[in-house]
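Remarks on the structure that follows.
Numbering (full-length UniProt numbering), first residue to last: 1 to 160.
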């Protein structure tokens with residue numbers, strides 16, 4: 001089961017200049033809990049936005065560059081190859097960025113979306129979710145508080 005996992009503003013903003021435009025500690029904890037022990041598929045720029053590889057996860061990085069190599073990660077040149085390299089994991093996750101989500105939404109089985117309640121200036125966006133293809137099966141609202149500048153809702157979609 002291939003799952004897209006993302007946090008996006010109400011205008012589908014993902015980030016700007018290869019960084020998030022909000023800080024949501026509870027969402028980071030949820031992301032860590034859900035993806036730990038699994039393959040995480042991402043584009044090169046998303047991978048390079050991390051100070052170091054995320055612990056307890058198998059990194060599968062998609063790049064067009066034939067020369068790109070990083071110790072301890074799997075480098076591939078297409079989403080199809082990334083999925084093939086994740087076959088032994090019953091629950092791989094696509095974690096970004098915007099272009100990779102656009103490719104993967106057509107083959108994914110589930111979307112775990114944190115909808116950040118706000119509109120943000122961004123240069124990367126999550127694709128529109130077609131409600132003819134996706135069913136909202138769970139949602140959990142979190143209000144803003146001392147640790148969270150924005151309210152947000154966890155949304156789980158499954159392919160119809």
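Ideal Cβ positions, reconstructed from N, Cα and C, are used throughout, including at glycine.
The structure displayed is predicted, hence computed values, not measured ones.
- In this structure, the beta-carbon distance from residue 68 to residue 75 falls below 8 Å.
- If you draw a straight line from the Cα of residue 21 to the Cα of residue 80, it comes to about 30 Å.
- Around residue 53, the same chain offers 59, 72, 73 as residues with beta carbons nearer than 7 Å, after the five sequence neighbours per side are excluded.
- Here residue 19 carries a strand assignment [DSSP, helix/strand/coil].
- Runs of the beta strand (DSSP E) spanning 3 or more residues and lying entirely within the UniProt domain "DHFR" (1-159) occur at 3-9, 13-15, 39-43, 58-62, 74-76, 93-96, 110-116, 134-142, 152-159, in chain order.
- Taking a 10 Å sphere around the C-beta of residue 64, we find fewer than 16 other C-beta atoms and assign the residue as exposed.
- Residue 136 counts as exposed, since fewer than 16 other beta carbons sit within 10 angstroms of its beta carbon.
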